[in-house]
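The structure appears right after this line, and notes come after that.
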Amino acid sequence: MLGAKSRWRAFTTLITCPVCGDAKGHAGVLSEGTVPLKPVELDDHKRVFPFELPIELVKVSYPEVFEFLKKKHLDKRFPLVKLVEFQGRFGLYLPIEFGGREVGFQIRFMSGKPKYFNRFPSYVLYHYDYVSPPTCVLVEGIFDTFPLPEYSLAIFGKRLSRRQLELLKLKGFRRVIVGLDADALSDAISTSRWLFAKGFDSYFLRVPRGSPGDFLREELLSFPCFDLQLRKHSLEEVLK
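Here it is as structure tokens:
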């Protein structure tokens, strides 16, 4: 397996300059099919330069990225994968859209700490533009939205903020299932109680291990879901 520096040297044969921002032919599309994207500005006048690679090339050149996507059951979903080199590490580049435009991004690194680099407004609910009321499932992270994309909103953590709560009200959501990671069941219960106190029909999902993004859609739909009287349902039943 190539190290980060070795892979960077190998990558320069595909795309001449993914980090300098030179518009005079640098970071151009070459015959191998690498597609650079527009640079993204940071508040401190730095830039990140995401680029897209076909999944077949990711499998060969970035095997740890491919294995991560495979673990999340996403290796066959995306023909192109967005990557970025930032602060000496490679990671998946995940654009954050809100209100019909890109408002920020998240980088998911494959090694080292921290695992994530975030640059987006704190009030954002990921996938908010694409989920329709009256029902939604709140999850922690972006990858947790993929098994149930028509219902899932990521809150980027274990706590729903007041501004995120207002966004749920604004769009007309009435039934909310809180589906956090297995190690955050107490947070899911307390968030469900808070939502109930604010007038929502609320439930919490019990994930047996890991996070919702680790499971296939059919598995997730079969997991137990509880109302605040601790009556047990399957997630599929609550979503109907």
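In terms of my numbering, the sequence shown opens at residue 1142 and continues consecutively. Don't be surprised by glycine CBs; every beta carbon is placed ideally from N, CA and C.
Contact between the stretch 1333 to 1340 and the stretch 1281 to 1297 is not established, with fewer than three Cβ pairs separated by less than 8 Å. Counting the other Cβ atoms within 10 Å of the Cβ of GLN1228 gives fewer than 16, which makes it exposed. A residue is called buried once 16 or more other Cβ atoms fall within 10 Å of its Cβ, and PRO1288 is buried on that count. Each residue's CA atom was taken as its position, placing ASP1328 and GLY1245 some 26 Å apart. Taking C-beta separations shorter than 6 Å and ignoring five residues to either side along the sequence, the partners of GLY1282 in its chain run ALA1295, following chain order. Our two residues, ARG1230 and VAL1319, have alpha carbons roughly 33 Å apart in a direct line. When secondary structure is reduced to three states using DSSP, GLU1291 falls in the coil class, being assigned neither helix nor strand. Here the alpha carbon of LYS1212 sits roughly 10 Å from the alpha carbon of GLU1205. In the three-state scheme derived from DSSP, where H, G and I count as helix and E and B as strand, SER1273 is classed as coil.
Between ARG1260 and ASP1285, the alpha-carbon positions lie close to 19 Å from each other. Looking only at GLN1370, CYS1366, LEU1371, the smallest Cα-Cα distance to GLU1377 is reached by CYS1366.
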